Amino acid sequence: MEDEVQLNVEPFVDRAQENGLGIDEQEVWDVIDERADEDEEPATYSWVHLNKFRKFERHDRCFPWTTEDELRTEVDELPAPTPRPEWEEREDQ
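Quick note on full-length UniProt numbering: the sequence shown kicks off at 1 and runs consecutively.
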């Protein structure tokens, strides 16, 4: 199980750091260990979030993607905060 988690943690931290988030691998492991020590259930979406997802599905607004480029193409037309986030500005250059 830990090998599977390790395979997910490293790319997660790498992607977060590439996008300007100040997080390191030890911080992620601390949270994982803390949740395990407290026998916490895996994190899940609340019914409110699930309800929102269902509404998107009903209106054909749920877009599957397999790559980051495909995701960015799908969300390119969505309204965004002004000014654009710093990480997004760097990606566009």
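By construction, the Cβ of each residue, glycine as well, lies at the ideal position given by its N, Cα and C atoms. Note that the coordinates shown come from a computational prediction; the quantities given were computed from them, not determined experimentally.
Are the stretch 8-15 and the stretch 25-33 touching by the rule of at least three beta carbon pairs closer than 8 Å?
yes
Between the C-alpha atoms of residue 44 and residue 18, what's the straight-line distance to the nearest angstrom?
Taking the sequence shown and counting its residues from 1, one reaches residue 44 at position 44. Taking the sequence shown and counting its residues from 1, one reaches residue 18 at position 18. For residue 44 and residue 18, the distance between alpha carbons rounds to 26 Å.
Which value, in whole angstroms, describes the spacing of the CA atoms of residue 60 and residue 48?
Counting from 1 along the sequence shown, the entry for residue 60 is found at position 60. Counting from 1 along the sequence shown, the entry for residue 48 is found at position 48. Roughly 19 Å separates the two Cα atoms.
Which whole-angstrom value describes the C-beta separation of residue 87 and residue 22, a residue pair presumed to lie in contact below a C-beta threshold of 8 Å?
For the purposes of this step, residue 87 is taken as the residue at position 87 of the sequence shown. For the purposes of this step, residue 22 is taken as the residue at position 22 of the sequence shown. No, residue 87 and residue 22 are not in contact; Cβ-Cβ is about 12 Å, not under 8 Å.
For residue 7, name the three-state secondary structure that DSSP assigns.
Taking the first residue of the sequence shown as 1, we reach residue 7 at position 7. Three-state result, residue 7: helix.
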